[in-house]
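> Take 1 as the starting number for the sequence shown in full-length UniProt numbering and just add one per residue. In this text, a Cβ means the ideal position worked out from N, Cα and C, and glycines have one as well.
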Amino acid sequence: MTMAEFVNFKLCYHLIFSSNNIKGAVDQLHRHMGVYARAIIVADRAYEHWEWVSRQYHVFAQLLAEAVSIRGSLSSSGLDSDVCKEPYLYYSIAAKYAMFRRKAAAKLGLTANTTVSTATPTGETMSEREFVVVPSVFVGGDPVVSEANAQDPSIASLVKYRHAMEKTVPHAKRSIVLLEHAIQHLTIYVADHNAARNRMKSRLLVHLGTERLTSGEYERSRAELQKAKVTFAIENCWAQTAQILKQLLICTFRQGDIAAYLDYSLQLLSPVVEEFVSAKERGRIQDSFLTAWRNPTALGAPFTENSALGNGYELALDRSRPIFALTTQFDRASACVKEDVTLELELRSHFPSPLMVSKIELVFNDDRYRTVISHQSDLESDSLTLIDGKFFASLQFTHKVTKELRVPLRVLDGRQMLSIQEVRLFLSRDHAATANGVDANGTLPEEEFLIFSVLVERASVEQRETPQPYLINGRVPSMGNGSASPSFSKRKSMFSLVEGNRLSQAEIAEPIQEDGTAHLRGSSLMILQPRAKATLSMLSREPILTGDYRELAFNLAANEDTLKNVTFRVVCEPPPASMSPEDAFFFTQQAGVLTPMALDANFQPRDLIPIPNKDPNSEETLRVIVRSTKATPVTLVVSVAYTTKAGVPVGFDERFELVCHDAFDIQGGLIHDFISGGGVSGAAQMPKGSYGCVGNSVTFQGSITCTSGESLCILALEFEPRETNMIQDLAVSGFGSVSTDNSSNDDVCTIFNDGDSRCFCLRLVPKMATTFITLGCVKVIWRRESSTIMKGPDGSRNDVVSTRLEIPMVSFVDAPLTFNSIIWSGGGGRLHGQFVETPSFGVEGVVGYMDIRVRNNEAVFHSLRVKPVDAEGSFFISGRTNTTEDLLPFDEQVFRLGLVPTKTGYLRLPRLEIVSLTYNLPFTNPDERQELFVLPRECPNWDPK
């Protein structure tokens with residue numbers, strides 16, 4: 001076999017690397033293994049045979065891995081599957097036979113973790129130093145072995161030597177290395193081919209976790225086994241899941257992790273995996289589970305007294321560990337306050353042996369309903385007894401026997417829905433102390449409990465009975481579950497453990513209500529109040545105007561009820577900002593005097609308003625005066641309470657949405673004088689802005705528009721300026737008293753209909769730069785034409801409203817460019833070299849100089865175009881006649897132009913076009929021109945000296 005192994009290696013090597021014949025190499029490996037892998041072996045040397053088989057696949061996997069690293073990919077021509085050329089396949093096979101070797105050695109006691117002595121009949125452990133070994137002269141032959149204290153070699157010494165050498169081999173670690181290589185190459189294959197191999201990877205993880213468990217690497221073993229368990233559970237592979245859970249249980253036992261040991265024990269006792277775990281084994285698991293909770297030291301090392309869990313440790317019985325099947329429902333769908341209802345509770349235990357719990361706690365969404373049922377052994381199975389305000393029942397659970405309990409409850413006020421959320425079962429640590437449930441004094445002793453928590457929202461997983469053959473329950477055996485199978489339309493899957501039996505028509509039948517709706521019973525109960533038959537409606541539909549008093553009318557109809565001791569209370573949402581009368585929302589009127597209602601700590605009306613008793617089918621009109629100081633939606637909540645003819649107190653609330661908005665809207669903006677045509681396209685059509693330049697006069701043009709939705713009488717329109725030093729030369733127009741005679745119908749300006757507007761103007765000069773400020777406010781004094789509010793005792797009107805409208809915010813900024821006064825440098829001796837104002841005359845043919853001083857006030861570059869335009873041709877112009885200059889930040893430049901008059905008399909000076917190319921804005925007005933009187937050169941009255 002040694003020579004065959006060598007020849008096989010050479011052949012496979014040349015077929016892979018020299019001939020690139022992967023199919024030939026695979027066929028050669030199959031021929032080689034077909035001849036020698038099934039060779040008859042001796043049981044005492046089985047581990048040597050599995051070592052040889054594992055080595056063949058390991059070497060072949062290494063050859064393929066080397067070829068892949070060199071070429072990148074291998075040819076699959078002629079292969080039955082592309083997987084046959086992948087290294088991970090042969091690494092996994094090598095790992096499988098390496099595990100066979102470990103198991104064969106373990107049977108002979110040749111592994112480090114076994115306790116069976118096989119080296120000698122007396123149990124002695126022998127090492128390599130106790131033998132004299134002479135290698136064989138033949139390749140692959142057995143060596144000649146003799147013991148150190150013996151002179152002649154013997155077969156017994158050879159067997160002892162082989163066993164001693166095998167005991168030094170780390171079997172599990174070799175399997176781990178091969179499995180890690182297989183997972184590594186499998187991961188590379190999945191990444192390169194984008195192919196899912198989840199099940200293959202999960203199987204490798206199971207083997208890897210098992211080998212790590214054998215080698216004592218418990219933490220890594222748990223992590224890998226848990227990952228594989230999740231994958232198999234998702235795919236409903238419960239047989240593999242059960243095997244993994246057994247390995248995890250062993251792992252947690254050796255770690256001494258009592259919490260994890262209890263968890264995995266419950267998962268193994270789950271009905272989902274019941275058919276894959278024998279009944280005898282399930283019984284042992286339950287016994288060890290109870291022992292681990294009550295006395296973990298009885299399990300032996302590594303469990304100690306410190307391993308015990310504390311009182312109140314909780315285990316959630318979710319879908320992975322549904323030990324108790326729970327069904328809860330109320331005896332009705334809805335109930336009124338103070339009525340008695342019954343909660344029907346069904347519990348079924350899946351523990352293989354009988355189990356007694358100390359008490360059951362029912363948890364509701366309202367803690368007032370929390371109920372505790374304690375154990376009392378002398379009671380019947382499904383009976384519930386109330387003793388001194390406490391519930392007692394027999395809480396002994398038998399395998400798959402349903403226990404039914406009917407718990408009475410009294411419906412309390414305060415909630416609209418009552419739901420049972422959780423059922424908690426308490427398992428006592430001391431079984432003997434709670435055998436009878438109570439002690440001699442009739443009270444429960446102090447105990448420590450393990451809590452099983454079952455959430456009602458999670459459906460209990462019922463155990464699936466063994467499928468019957470043929471079509472008894474809709475399944476055809478051995479025909480699969482595909483779309484062509486007769487079973488496809490009958491079942492979702494052949495081995496689905498989460499399919500419950502369908503309810504019969506009688507089980508789902510529920511009473512039909514009068515309105516045609518069916519109220520289904522369940523784990524929630526709707527809590528109802530006695531219904532009031534009286535109704536309340538609002539008669540007023542007009543919107544509320546800010547600052548205006550509005551009387552709201554409500555109609556209370558008794559309908560079929562007799563109303564006694566009737567009161568109503570009205571509140572608003574949102575409430576007033578404070579208790580100040582300026583912020584009051586509700587008012588009462590007595591003798592023409594409006595008084596704010598008294599408020600409570602929540603700024604809502606404090607007092608209840610009484611109403612006379614009403615007979616059936618009668619009506620009453622309720623009136624409330626309101627005023628809103630802000631334009632915001634308001635919700636009125638009117639609460640009506642009364643006593644019916646039978647003496648039952650009832651009440652109801654009605655909500656009414658009110659719309660409160662401003663009676664006027666103000667708009668406007670600044671109009672700049674320096675914005676003109678000036679050669680700039682579209683400058684004249686620029687809209688109103690919100691900023692002005694310091695030092696330049698600006699006009700604020702605004703308008704006030706009526707948005708009330710009804711006609712208003714305007715009594716006055718006033719402007720209230722803001723006290724500030726930011727502006728000067730303020731002038732206003734468009735304000736004043738519109739009409740002083742309220743009875744006049746000739747002045748149409750006194751009536752503002754919806755959509756009417758009035759304009760006003762403010763003329764001002766900004767003094768300094770500032771952020772957004774308001775110039776003041778416009779005060780409008782007005783009243784509604786259709787107001788029903790009574791006058792005061794002194795004849796004053798309560799319906800006159802003063803509304804202040806803040807003028808839209810504006811800001812003042814420094815002008816980007818500053819121009820000094822244009823000056824003239826005369827041509828005579830008296831004016832030469834001096835800067836004076838423009839003289840009143842010039843001389844024909846004598847040059848004069850015009851200086852323009854420009855300063856950049858911003859921290860940016862300005863591109864400025866200066867162009868003198870002489871439309872009448874009265875001057876010769878020299879200097880910078882059409883130039884573009886760049887001004888540095890905060891730079892100042894002087895432009896000089898030479899002007900030579902060519903005519904006499906009154907001449908218009910050339911118009912200067914100064915345009916900022918940076919902002920595309922002109923800074924001169926073409927209408928502002930200066931005239932100059934020009935004298936003839938030979939004028940006798942002019943002395944050039």
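Give me the Cβ distance between F735 and L717, rounded to the nearest whole Å; I'm assuming they're in contact under 8 angstroms.
Indeed, because the Cβ distance is near 5 angstroms, the residues count as touching under 8 angstroms.
> What does the alpha-carbon distance come out to for the pair R410 and D340?
R410 and D340: Cα-Cα distance of roughly 5 angstroms.
> Closest to N8 by C-alpha separation, out of Q28, S18 and N20, would be which residue?
Measuring from the Cα of N8, the nearest candidate turns out to be Q28.
> Per DSSP, what are the beta-bridge partners of S428 in this structure?
Answer by DSSP bridge pairing, in chain order: F449.
> Using 8 angstroms for Cβ pairs, my map puts Y13 next to L63. What's the rounded Cβ distance?
Sure, about 6 angstroms apart at Cβ, within 8 angstroms.
> Does the segment 890-901 come close enough to the segment 850-867 that 3 or more CB-CB pairs lie under 8 angstroms?
Touching, yes.
> Starting from Y313, trace the beta strand (DSSP E) in both directions and tell me its first and last residue.
That run of the beta strand (DSSP E) goes Y313 to A316.
> I'd like to know whether the C-beta of N856 is nearer than 7 angstroms to at least one C-beta of chain B.
Given the protein chain composition of this structure (a single chain), no chain B is represented.
> Between the C-alpha atoms of S628 and V860, what's the straight-line distance to the nearest angstrom?
Roughly 50 angstroms between the two C-alpha positions.
> In this structure, how does DSSP classify Y919 when only helix, strand and coil are distinguished?
In this structure, Y919 counts as coil in the three-state DSSP scheme.
> Could you please give me the residues that DSSP links to S419 through a beta bridge?
The partner list for S419 (beta bridge, DSSP) reads S524.
> Is the CB-CB distance between I258 and L269 below 7 angstroms?
Contact: no.
> What would DSSP say about residue 967, mapped onto helix, strand or coil?
Outside the displayed span of the chain (1 to 945) sits residue 967, for which this structure offers no information.
> What would DSSP say about P612, mapped onto helix, strand or coil?
Note: P612 maps to coil in three-state DSSP.
> Any idea if E305 is buried or exposed, counting beta-carbon neighbours within 10 angstroms, 16 or more meaning buried?
Result: exposed.
> Assuming T398 contacts P354 under a Cβ cut-off of 8 angstroms, what Cβ separation, rounded to an integer in Å, is found between them?
Sure, about 5 angstroms apart at Cβ, within 8 angstroms.
> So, at 6 angstroms on beta carbons, what are the nonlocal neighbours of Y906 in its own chain, with the 5 sequence-adjacent residues on each side left out?
Excluding residues within five positions, the ones whose Cβ falls inside 6 angstroms are E931 and F933.
> In angstroms, rounded to a whole number, what distance separates the CA positions of A333 and Q529?
If I take the Cα positions, the gap works out to 14 angstroms.
> Which of the three DSSP states is assigned to A195 in this structure?
Note: A195 maps to coil in three-state DSSP.
> Starting from D886, follow the alpha helix (DSSP H) in both directions and report where the run begins and ends.
Premise fails: D886 lies in the beta strand (DSSP E), T883 to L887, not in any alpha helix (DSSP H).
> Between which residues of its own chain and T385 is the CB-CB distance below 8 angstroms, once the five residues before and five after are set aside?
Same-chain partners within the cutoff: Q376, L379, F391, F392 and A393.
> Report buried or exposed for I234, applying the criterion of at least 16 other Cβ atoms within 10 angstroms of its Cβ.
Exposed, since its Cβ has fewer than 16 Cβ neighbours within 10 Å.
> For the segment 83-100 against the segment 218-236, are there 3 or more C-beta pairs whose distance is under 8 angstroms?
In short, these stretches do not touch, since the Cβ pair count stays below three.
> Can you give me the start and stop residues for the beta strand (DSSP E) that D263 sits inside?
First-last for D263: I258 to L268, but that is the alpha helix (DSSP H), not the beta strand (DSSP E).
> My assumption, with CB atoms under 8 angstroms, is that L599 sits in contact with F554. Please give the rounded CB distance.
The Cβ separation is near 21 angstroms, so there is no contact.
> Counting beta carbon pairs with one atom in the segment 773-787 and one in the segment 710-728, are three or more of them shorter than 8 angstroms?
Short answer: they touch.
> Tell me the DSSP bridge mates of G668?
Answer by DSSP bridge pairing, in chain order: G702.
> Where in the segment 340-375 do unbroken runs of the beta strand (DSSP E), each at least 3 residues long, occur, reported from the N-terminal end onward?
Here the runs fully enclosed are 340-349, 359-364 and 371-375.
> Where does F391 sit, in a helix, a strand or coil, going by DSSP?
In this structure, F391 counts as strand in the three-state DSSP scheme.
> Answer with buried or exposed for residue 960, where buried requires no fewer than 16 other C-beta atoms within 10 angstroms of its C-beta.
Only positions 1 to 945 of the chain appear in this structure, which leaves residue 960 out of reach.
> Across which residues does DSSP place E551 in a beta bridge pair?
Answer is I625, bridged to E551.
> Expressed to the nearest angstrom, what Euclidean distance is found between the alpha-carbon atoms of P936 and T904?
P936 and T904: Cα-Cα distance of roughly 6 angstroms.
> With a floor of 4 residues, list each alpha helix (DSSP H) that falls wholly inside the segment 9-44, ordered by position along the chain.
Counting only runs of 4 or more, we get 22-36.
> Please report how far the alpha carbon of R197 lies from the alpha carbon of V190, in whole angstroms.
About 7 angstroms.
> Report the residue from F452, T327, A195 and T402 whose alpha carbon sits nearest the alpha carbon of L315.
Minimum Cα distance to L315 is reached at F452.
> Grab me the residues of T774's own chain with a C-beta within less than 7 angstroms of its C-beta, minus the 5 sequence neighbours each way, in chain order.
Within the same chain, T774 has close Cβ partners R722, E806, I807 and M809.
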